[in-house]
Structures are given as structure tokens and as C-alpha cells.
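Participant: The numbering of the sequence shown is the working numbering, which starts it at 10 and goes up by one.
Just so it is clear, CB atoms sit at the ideal spot from N, CA and C, and this is done for glycine as well.
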Amino acid sequence: MRGMIATRMQQSLQTTAQLTHHASAGLCALEALRSRCRERGRVVPSLQDLLLRLVVQTLGDFPALNATLEENRIVQHGAVHLGLAIPLPDDLLVAPALFDAQNLGLGQLPAARRTLTERARAGKLGVRELTGATFTVSNLGRSRVHHFTPILNVPQVAILGIGGMERRVVPSSQGWREEEVIGLSLTFDHRAVNGAPAAAFLDALCERIEGLPPEAFDSELSVNDD
């Protein structure tokens, strides 16, 4: 499998026009939402699941990025089949699809993601799961790598890399404050997507992350029974 992965990586780099935009987003709003969940006895979503939910929502406004390019034909997909990069033993990597991710509420994401990961590690993924994603997310959030350059999972035209957190001093109404920020890296195929709409997607995603109301997903999160 390692050889097959190497071949696909090389093919991706040799047959596409890859470019990567980088951005950073503050996490105060996401942490405020998580704190509200704790205070109100709701299940507390992970940062990863919050970010995935916001990525899917943002893709709804940028269909050009939820697309594939095959035989010089660009196909924009109405449904978001979200590819999740999953590391496997022996330094292997797969990115199976979480189908119709736009229909998954925040409270449903953890179980869906866990099931997909378990199937991947048990070697039970089907061909459709391995090849059916329309947009992929690669998460290095637990590392010190803030930005990186994810390689396209062809024939998809875009992939988002989520990097590790850093603490930065940012302006505030009271002068300056420290804030945790997360790195976001969007690689896209310049044959299908120009730089301006790719940058607009990153801008919109950052605005969603930083401007998320604490009550945004109340209807999607269950009350904790503990």
C-alpha cells in the first residue's frame, strides 16, 4: 500500500497545478461555545468537530471548491462528501469519505468520524469510501506545525490542512490580549480554482470560526446525561 500511496502522491504533484494559501483564525469564539455547553449540561464538542462542521457550512457557499476535475471537466458536487485523512500503522494514510456531511449535525459528527476511523484501521473500507470524497481535510492539530502544504487528493480540486495552535497577542477593545490561533492551509488546483476565490473561502471560514455565536449549535447538541 505504501507504494500505491507514493504513486498517487507523485501523480497528484505531476498532473495538477497546486498552490497553497495560508491563514490563521482565533479560537476564542469556539472556546466560548464549548464553555456554554459545559455550563448548560450539554455534550461538549471537540475543536476538531467544530472546525469540520464549519468547513462543511462554508463549502456550501463555495461550490467551486467542493469539486473534482477529471479529463479536463470540472464537476461541482451538490453534496459534501468530506474526506478525512486518517493515519494507519506502518506510516500509511487514507482519506475516506464521510458521505453527505452537510446533513450531519455537530452532535452526530463524533460517532460518524469514529465509525469511519475504525473501519479504516480494520481494513474494511470499500472502494466508494476510498474514492468518493469531494473535499478533504488533513488535521495536524496536535503538532507544533502551524501551517503546512497538504497534497491534493486527486481528482479533488482542494484540500484543507488544519495545523497546530499558537498563542499570539492580538488587539482588543481594552488594548491587547493573548489568544490561541489555529493555522489553516488550503491547497487548490489552479486549473480549476483561481487564487481570489480560494482566498475568499479561507477568509469566510476564518470569519465563521472567529464570529461563531455561543448558541450557534444548541439545536444540534444533546444534553449530557452524566
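From T140, G141, F157, A142, pick the residue whose C-alpha is nearest to that of N148; which is it?
Facilitator: Position 139 of the sequence shown holds residue 148. Comparing Cα-Cα distances from N148 to each of T140, G141, F157, A142, the minimum goes to F157.
Participant: Determine the contact status of T143 and H86, defining contact as a CB-CB distance below 8 Å.
Facilitator: Here residue 143 is taken as the residue at index 134 of the sequence shown, counted from 1. Here residue 86 is taken as the residue at index 77 of the sequence shown, counted from 1. Yes; because the gap between Cβ atoms is below 8 Å, this pair is in contact.
Participant: Tell me, please, which residues DSSP counts as bridged to E80.
Facilitator: For the purposes of this step, residue 80 is taken as the residue at position 71 of the sequence shown. For E80, which the question treats as bridged, DSSP gives no partner whatsoever.
Participant: Would you please state the rounded distance, in angstroms, between the beta carbons of H31 and S194? I believe it to be under 8 Å.
Facilitator: For this step, residue 31 is matched to residue 22 along the sequence shown. For this step, residue 194 is matched to residue 185 along the sequence shown. H31 to S194, Cβ: 5 Å. Contact.
Participant: Taking only three categories from DSSP, how would you classify N112?
Facilitator: In the sequence shown, the residue the question calls residue 112 occupies position 103. DSSP places N112 in helix when its eight states are reduced to three.
Participant: Quick one, which of G173, L161, L169, F197 has its alpha-carbon nearest P150's?
Facilitator: For the purposes of this step, residue 150 is identified with residue 141 of the sequence shown, where counting begins at 1. A small correction: the amino acid at residue 150 is Gly; Pro does not occupy that position in the sequence shown. Of the listed residues, the one whose Cα sits closest to G150 is G173.
Participant: Measure how close the beta-carbons of D70 and L115 come, nearest whole angstrom, since I'm counting them as under 8 Å.
Facilitator: Position 61 of the sequence shown holds residue 70. Position 106 of the sequence shown holds residue 115. Not a contact, Cβ separation roughly 18 Å.
Participant: Are the beta-carbon atoms belonging to T16 and G92 less than 8 Å from one another?
Facilitator: Taking the sequence shown and counting its residues from 1, one reaches residue 16 at position 7. Taking the sequence shown and counting its residues from 1, one reaches residue 92 at position 83. In this structure, G92 does not lie closer than 8 Å to T16 by Cβ.
Participant: Check for me: the alpha helix (DSSP H) holding E224 runs from which residue to which?
Facilitator: Locating residue 224 in the sequence shown gives position 215, where the first residue counts as 1. First-last for E224: undefined, no H or E at that position.
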